[in-house]
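Residue numbers (the numbering used here): 14 to 165. Single-structure report; data block below.
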């Protein structure tokens, strides 16, 4: 089964955990000083927040899969569509080790498809936080899209 993933960068973790816990009617399943995650069944979503993005707001969107065959199926679809793809294997992000494939939509929003392999003791495999445009997106990802045509 696939699960939608949303990652939002926030300014204040404590206030945000309180807000989202009230909104979802549940406490986070993972709670760290700089990160929190809710694995919700209704709606079926992996919702995460952190202070790792360069600015508050939507950081990235993703699809979390349960097994390698689901991840491979999505990768093949993306390759068939000739989308520029960045693959990471055994990478550490958000206190988890995962295999991932990254793409950007035509508006530049980062999408990750990933399978979690195990938990990790650090946010990103680095002890010191690094602020970037997004918390986990590979720095080497530079994808160019054609400019939009004006409608009128």
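The beta carbon of each residue, even a glycine, is placed where N, CA and C say it ideally should be.
- For residue 84, same chain residues with a beta-carbon under 8 Å away, outside a window of 5 residues either side, are 78, 112, 114, 126, 127 and 128 in chain order.
- 9 Å or more divides the Cβ of residue 14 from the Cβ of residue 56.
- The segment 40-48 makes contact with the segment 21-31; the number of CB pairs closer than 8 Å reaches 3 or more.
- Annotated as proximal: residue 150 and residue 123, with beta-carbon spacing under 9 Å.
- Straight-line measurement puts the Cα of residue 107 at about 10 Å from the Cα of residue 134.
- Distance from the CA of residue 89 to the CA of residue 120, rounded to the nearest whole angstrom, comes to 22 Å.
- In the three-state reduction of the DSSP assignment, residue 136 falls in the coil class.
- Cβ neighbours of residue 101 within its own chain (closer than 6 Å, five residues either side excluded): 113.
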